[in-house]
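One structure is given here, and the rest of the page talks about it.
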Amino acid sequence: MRFRTKILLSTVLVLALSFGVGGTLLLSLSFSSLLGEEEDAAVQSYRMVQSTLSLVNAVSDQTGPEDVADILSQLAGQQPGGGITLRVREGAGETVYLGDSRFSDLLLDLWADTQEEQGVMQLFSAGESRYYQITSQFRMGETVCYLDGLYDMSSVYALRESQQQIYFRVFWVVVALGGALSWLIATLLTRPLTRLSRTAQSLAQGDLSRRSRIRGGDEVAALSKEFDRMADSIQDYVNQLQETMRRQEEFMGSFAHELKTPMTSIIGYADLLRSQSLPPEDARQAANYIFREGSRLEHLSLKLLDLLVLGKDDFALTRTDLPQLARQVRNTMEPVAEKNGVRLRVYCQPGSALLEPELAKSLILNLLDNGRKALDGDGEKTLLLGIQPTGDDGCEIQVMDNGRGIPPEEIERLTEAFYRVDKSRSRAQGGAGLGLALCREIVRIHHGTMTFQSELGKGTLFTVDLRGGDASREENGRL
Ligand code: ADP
């Protein structure tokens, strides 16, 4: 059953019960009070006749039936209206007086139940009408007589009947109006719930952009706010998942492509060696190709392994002496730089930082190697490395070259795996597009940031801020 129908039915039920019970109570109270009043009026009128008769009897003991009939006829004219008829009987026998003969059949024989001082009253119905009869004894001379007074109560019952009819009409009108009103209110109250449920259905069907946006200060509005917040989180999460999937697909595609080129060369040269007897010089050259491409594959697999390893976060950071780190890097890099005609300058301020030394070294070497590879033009080739401690545990590393620079539109994607600005040149230089992806992971492990400024034809400056593993100091840094 719908919630709206439940509200409607319960409202109608409460309304019908309260109005029904209250109305019926009111009607019966009003009826009994009216009946009581009518009975009082009948008793009063009866008493008046009674006292007149006892007065006459007291004045003379010679009062006879004719006198009684005479007095009662006179009194009948003065009756205030409640009485219908009076009857006087001598003992249980002869009727001395009967006011209106039409009612003689209606009058009951109540005389036997009366006592000297105590009369009898009885309410009874005859046909459609209701009557109230009072009977009591009185003395006419020496004879005991009975006075019957018959009073019509039908008007009270007729009034109750008409009140009941009106009441029933009003009851149905009130219940119908109340029902319509409660349907309207229930519709208004449940409208936000319907909206919330439609939004939930849309979300379930995959439309993650749909929101309920119910305004107000009630519980449903609060629920809607929470619901929309949940939908926002789900959408963000799904977007992230989609982005990760896209990157993974790209990664797999690039990886397959990276494998294909060296494998084709290796297979081609190996086939040549195996199927023909080549002159020694050609055979050496073919073996050289196989060796070089094999080495590239090995290099690629090692870098990929590094990336996979860096994906795990269980690295211990140790206090590392920065000048010593700078020396190690220079020793590794200097022969390569010299070979390429690059002037390497290393500056390091004394101090230490919390680092994973091997990873930090790998990070700096990758950046320096990128700088070296960018220095492929004419003129003076300079590569600068600056290291300085920051705070208690952190350090800042800067690598600058005056090489070819990076086009601004490429900067966004530099740290993606397999991404290279100039593919053929990079491949010729032995790059696989994984260097900066590795750097990004190393910076992440150190809770740091990596930013770069570059100008085409002038050079590039990489700035890495490592915070010694203090995640709380991590800002919205850009990698
Ligand atoms: P690779 O391993 O091929 O060097 P990286 O991920 O290290 O790949 O770098 C991605 C690309 O960014 C490189 O192909 C190169 O074109 C560009 N790049 C990186 N550093 C520099 C730099 N200092 N100057 C110019 N281009 C750079």
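Just so we're aligned: 249 in numbering that gives the first Met the number 0 is position 250 of the sequence shown, and the numbers increase by one with no gaps anywhere. We put the CB at the ideal spot given by N, CA and C, even for glycine. No experiment lies behind these values; they were computed from the predicted model shown.
Specify whether the segment 400-415 and the segment 357-364 touch according to this definition: at least 3 beta carbon pairs, one from each stretch, less than 8 Å apart.
-> no
Are E89 and T142 touching if we call contact CB-CB under 8 Å?
-> yes
What do you reckon, is the C-beta of A431 under 7 Å from a heavy atom of the ligand ADP?
-> yes
With contact counted as at least three CB pairs below 8 Å, one residue from each stretch, are the segment 248-263 and the segment 211-223 in contact?
-> no
Among R329, L358, N287 and T331, which has the Cα closest to the Cα of T319?
-> L358
Same chain, Cβ closer than 6 Å to Q348, five either side skipped, listed in chain order = Q387
Out of D231, G205, L240 and P191, which has the shortest C-alpha to C-alpha gap to G216?
-> P191
Closer than 7 Å: N238 CB and nearest the ligand FMN heavy atom | Of the ligands this structure carries, namely the ligand ADP, none is the ligand FMN.
Do M139 and T62 have their C-beta atoms within less than 8 Å of each other?
-> yes
Where does Y166 fall in DSSP's three states?
-> helix
DSSP on L478, reduced to helix/strand/coil?
-> For L478, the pLDDT reaches just 34, beneath the cut-off of 50, and the residue's location in the model is therefore unreliable, leaving the point undetermined.
Cβ-Cβ separation, L354 to L465 (assumed contact under 8 Å), whole Å | 7 Å
Any non-hydrogen atom of the ligand ADP within 7 Å of R419 CB = yes
What three-state label does DSSP hand Q114 in the structure shown?
-> coil
Which residues in the same chain have their Cβ closer than 8 Å to the Cβ of G80, if we skip the five residues on either side of it in sequence?
-> Confidence at G80 is low in this model, with a pLDDT of 49, below 50, so the placement of that residue should be treated as unreliable; the coordinate-derived value is given next. None.
Any heavy atom of the ligand ADP within a distance shorter than 7 Å of the CB on F459?
-> Checking the displayed sequence, the identity of residue 459 turns out to be Thr instead of Phe. Yes, the beta carbon of T459 sits closer than 7 Å to at least one heavy atom of the ligand ADP.
Can we say the segment 149-161 touches the segment 113-130, given the rule of at least three CB pairs closer than 8 Å?
-> yes
Can we count K372 as close to the ligand ADP, meaning its CB is less than 7 Å from some heavy atom?
-> yes
How many Å lie between I410 and G456 at the Cα?
-> 15 Å
Proximal residues to T186 (C-beta, below 8 Å), its chain only, five neighbours per side dropped | R3
Can the beta-carbon of T459 be found closer than 8 Å to that of R439?
-> no
Going by DSSP, what residues sit across from I386 in a beta bridge?
-> C347 and I396
Minimum C-alpha distance to D375 - residue among G385, P406, N339 and I396 | N339
Hey, would you say L195 sits closer than 8 Å to S211, going by beta carbons?
-> yes
Heavy atom of the ligand ADP within 7 Å of L435 beta-carbon = yes
Buried versus exposed, by CB contacts within 10 Å (16 or more), Y346 | exposed
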